[in-house]
Amino acid sequence: MSWKDEVATLKAERNAVILAHNYQLPEIQDIADYTGDSLALSRQAAATDADVIVFCGVHFMAESAKILSPGKTVLIPDERAGCSLADSITAEQLAEWKAQYPDAVVVSYVNTTAEVKALTDICCTSSNAVDVVESIDPDREILFCPDQFLGAHVKRETGRENIRIWPGECHVHAGINGKELAEQAQAHPDAPLYIHPECGCANSAIYLAGEGVVEPERVHMLSTGGMLDRAHGEQSGTVLVATETGMLHQLQQAAPETNFKPVNPRAECRYMKMITPEKLVESLRQMRDEVTVDPEIAGKARASLERMIELGNPGSGE
Ligand code: SF4
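For the sequence shown, the residue numbers in the working numbering are 13 to 330.
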């Protein structure tokens with residue numbers, strides 16, 4: 013039996029659904045029931061009738077699915093698939109930071125552990141971080157974590173001085189820097205720049221675009237669905253894309269005639285690529301690795317995620 017047939021058989025036996033993040037390996041994206049960004053996948057997780065959710069992504073995303081769907085069994089094919097950005101602040105560090113500024117409001121990017129979310133007032137995505145910060149009383153101090161690029165972007169956009177920013181970052185940022193972005197923009201003067209404001213890897217590009225590294229009229233900040241829609245109607249032969257390289261698979265399928273050029277082809281998340289077909293089969297066979305979240309922590313984390321979903325546009329999620 014091929015691995016694809018085995019996945020299909022086990023999925024039916026377990027009444028399972030497979031969710032895959034856009035940055036997964038192409039073969040995982042192709043076999044998934046749904047592929048999307050982390051918010052879209054959380055919504056799918058909450059809406060599904062399946063008993064088992066196999067989350068092909070990184071651990072904090074699978075944890076969010078469990079937090080929003082506590083009654084379902086959530087599996088991740090390799091629990092070691094972490095996130096360097098989520099790892100850049102621990103619950104203990106955040107608790108210490110909060111103790112120094114007891115009146116501050118804590119805003120955390122979704123790339124955080126459940127324990128950090130439980131200590132957070134409002135979570136945010138790259139798409140709604142500005143709206144979330146603007147919803148907070150201008151006289152209240154804000155602790156923004158863990159992404160320093162998103163924090164700098166929000167500070168610039170809101171003009172707020174009373175934001176303290178945690179110095180965290182995603183290792184994939186190293187692949188999308190100002191120099192290379194400017195060089196690519198000059199080498200392809202007619203190419204639009206798509207930025208996918210999902211996950212930490214594109215946050216440096218959001219910040220750099222705002223600094224004028226690329227002419228503003230060429231910059232398009234797009235959700236997954238927006239990016240695919242735009243790709244279908246794209247007139248330019250070349251499009252620069254600032255995102256983790258996994259997203260290129262869907263773009264190239266949507267518009268085979270267009271050359272989608274990653275701003276840096278090394279912008280690859282090693283954690284995302286830890287989910288392989290073999291591990292997916294094993295996960296379904298052995299019902300592992302199960303993602304669990306302490307119910308008390310999950311309750312507090314859910315409140316900060318639900319506030320995020322209520323405020324502004326957290327991204328189309330599609
Ligand atoms: S691309 Fe960066 S922020 Fe996204 S999961 Fe990987 S390490 Fe985390």
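A virtual CB, placed ideally from N, CA and C, is assigned to each residue, including glycine.
Inset, instruction - Determine the DSSP secondary structure at T236, reduced to helix, strand or coil. - result: Position 224 of the sequence shown, counting from 1, holds the residue named residue 236. T236 falls in the helix class under three-state DSSP.
Legend entry - Cutoff 8 Å; reference S316; Cβ partners in own chain excluding five residues on either side: As a position in the sequence shown, residue 316 is number 304, starting the count at 1. Cβ within range, chain order: S120, K129, A130, T132, D133, I134, C135.
Inset, instruction - Express the C-alpha separation of D99 and H165 in angstroms, rounding to a whole number. - result: Along the sequence shown, one-based indexing puts residue 165 at 153. Along the sequence shown, one-based indexing puts residue 99 at 87. Distance between the alpha carbons of H165 and D99 is about 21 Å.
Inset, instruction - Look at the alpha carbon of Q112 and the alpha carbon of I148, and state the distance between them as a whole number of angstroms. - result: Taking the sequence shown and counting its residues from 1, one reaches residue 112 at position 100. Taking the sequence shown and counting its residues from 1, one reaches residue 148 at position 136. Taking the straight line joining both Cα atoms gives about 19 Å.
Legend entry - Unbroken alpha helix (DSSP H) run spanning G311, endpoints: As a position in the sequence shown, residue 311 is number 299, starting the count at 1. From DSSP, the alpha helix (DSSP H) with G311 extends over 307 to 322.
Inset, instruction - Output the distance between the C-alpha atoms of T125 and Y283, rounded to the nearest integer angstrom. - result: What you label residue 125 is simply residue 113 of the sequence shown in a count that begins at 1. What you label residue 283 is simply residue 271 of the sequence shown in a count that begins at 1. Going by the C-alpha atoms only, they are around 15 Å apart.
Legend entry - Alpha carbon of V29 to alpha carbon of V225, nearest angstrom: Taking the sequence shown and counting its residues from 1, one reaches residue 29 at position 17. Taking the sequence shown and counting its residues from 1, one reaches residue 225 at position 213. C-alpha separation (whole angstroms): 42 Å.
Legend entry - Distance, S235 Cα to S328 Cα: Indexing the sequence shown from 1 puts residue 328 at position 316. Indexing the sequence shown from 1 puts residue 235 at position 223. Residue placement at S328 cannot be trusted, given a pLDDT of 48 that sits under 50; what the coordinates show is reported in the next sentence. C-alpha separation (whole angstroms): 6 Å.
Inset, instruction - May I have the straight-line CA-CA distance separating C68 from Q160, to the nearest angstrom? - result: Mapped onto the sequence shown, residue 68 falls at position 56. Mapped onto the sequence shown, residue 160 falls at position 148. Each residue's alpha carbon lies about 27 Å from the other.
Inset, instruction - Kindly indicate which three-state DSSP category K84 falls into: helix, strand or coil? - result: The count along the sequence shown starts at 1 and reaches residue 84 at position 72. If DSSP states are grouped into helix, strand and coil, K84 belongs with coil.
Inset, instruction - For A107, count neighbouring Cβ atoms within 10 angstroms of its own Cβ and tell me buried if that reaches 16, exposed if not. - result: Along the sequence shown, read from residue 1 onward, the residue named residue 107 stands at position 95. Exposed.
Inset, instruction - Mind checking which residues open and close the alpha helix (DSSP H) that includes V40? - result: Your numbering for residue 40 matches position 28 in the sequence shown. Here residue 40 turns out to be Ile, not Val, going by the sequence shown. I40 -> alpha helix (DSSP H) spans 38 to 43.
Legend entry - Rounded C-alpha distance that separates L292 from G171: The sequence position of residue 292 within the sequence shown is 280, counting from 1. The sequence position of residue 171 within the sequence shown is 159, counting from 1. Roughly 46 Å between the two C-alpha positions.
Inset, instruction - Excluding the 5 residues preceding and the 5 following A62 in the sequence, name in chain order all residues of the same chain whose CB lies nearer than 7 Å to its CB. - result: Locating residue 62 in the sequence shown gives position 50, counting from the first residue. Correct list, in chain order: N27, A28, V29.
Legend entry - Selection from A32, Y35, Q56, S76 that minimises the alpha carbon distance to K312: Taking the first residue of the sequence shown as 1, we reach residue 312 at position 300. Checked all of A32, Y35, Q56, S76; the closest Cα to K312 is S76.
Inset, instruction - Would you check whether ligand 1 has a heavy atom nearer than 7 Å to the C-beta of S96? - result: Taking the first residue of the sequence shown as position 1, residue 96 is located at position 84. Checking the Cβ of S96 against ligand 1 gives yes.
Inset, instruction - Can you tell me which of the three DSSP states G329 falls into? - result: Counting from one through the sequence shown, the residue named residue 329 turns up at place 317. Legend: pLDDT at G329 = 46, less than 50; position of this residue unreliable, no value from coordinates given.
Inset, instruction - Classify K167 as buried or exposed, calling it buried when 16 or more other Cβ atoms lie within 10 Å of its own Cβ. - result: Numbered from its first residue, the sequence shown carries residue 167 at position 155. Its Cβ being crowded by 16 or more others within 10 Å, K167 is buried.
Inset, instruction - Less than 8 Å between the CB atoms is what I'm expecting for N271 and G238, so what's the real figure, rounded? - result: Position 259 of the sequence shown, counted from the first residue, corresponds to residue 271. Position 226 of the sequence shown, counted from the first residue, corresponds to residue 238. The pair is not a contact, with the Cβ atoms about 20 Å apart (cut-off 8 Å).
Inset, instruction - Check whether the Cβ atoms of I332 and A254 sit closer than 8 Å, and answer yes or no. - result: The first residue shown for the chain is 13 and the last is 330, placing residue 332 beyond what the model contains.
Legend entry - Check: Y283 C-beta below 7 Å from any heavy atom of ligand 1: Position 271 of the sequence shown holds residue 283. Y283: yes, Cβ under 7 Å from ligand 1.
Inset, instruction - Mind the definition here: the stretch 256 to 272 touches the stretch 34 to 41 only if three or more C-beta pairs lie below 8 Å; say whether that holds. - result: yes
Legend entry - Complete runs of the beta strand (DSSP E) confined to the stretch 200 to 275 [at least 3 residues]: 205 to 207, 231 to 233, 250 to 254, 271 to 274
Inset, instruction - Compute every distance between the C-beta of V184 and the non-hydrogen atoms of ligand 1, then say whether any falls below 7 Å. - result: In the sequence shown, residue 184 corresponds to position 172, counting from 1. Yes, the beta carbon of V184 sits closer than 7 Å to at least one heavy atom of ligand 1.
Inset, instruction - Assign S138 to one of two classes, buried (16 or more other C-beta atoms within 10 Å of its C-beta) or exposed (fewer than that). - result: The residue labelled residue 138 in the question sits at position 126 within the sequence shown. Buried, since its Cβ has 16 or more Cβ neighbours within 10 Å.
Legend entry - 8 Å CB neighbourhood of L240 in its chain, flanking five on each side removed: Taking the sequence shown and counting its residues from 1, the one referred to as residue 240 is at position 228. Same-chain partners within the cutoff: Q262, L263, A266.
Inset, instruction - Give a single yes or no on whether V70 has its beta carbon closer than 7 Å to a heavy atom of ligand 2. - result: The ligand content of the structure shown is limited to ligand 1, which means ligand 2 is not among them.
Inset, instruction - Compute the minimum distance between the beta carbon of N332 and the heavy atoms of ligand 1, and state whether it is under 7 Å. - result: Since the first residue of the chain shown is 13 and the last is 330, residue 332 is not available in this structure.
Inset, instruction - Compute the Euclidean distance between the alpha carbons of E330 and E280, then round it to the nearest angstrom. - result: The count along the sequence shown starts at 1 and reaches residue 330 at position 318. The count along the sequence shown starts at 1 and reaches residue 280 at position 268. Per-residue confidence for E330 stands at a pLDDT of 40, beneath the threshold of 50, marking its modelled position as unreliable; the derived number appears in the next sentence. So the alpha carbons of these two residues sit roughly 21 Å apart.
Inset, instruction - Can you tell me the Cβ-Cβ gap for L162 and L193, rounded? I've got them flagged as a contact below 8 Å. - result: If you number the sequence shown from 1, residue 162 lands on position 150. If you number the sequence shown from 1, residue 193 lands on position 181. The pair is not a contact, with the Cβ atoms about 17 Å apart (cut-off 8 Å).
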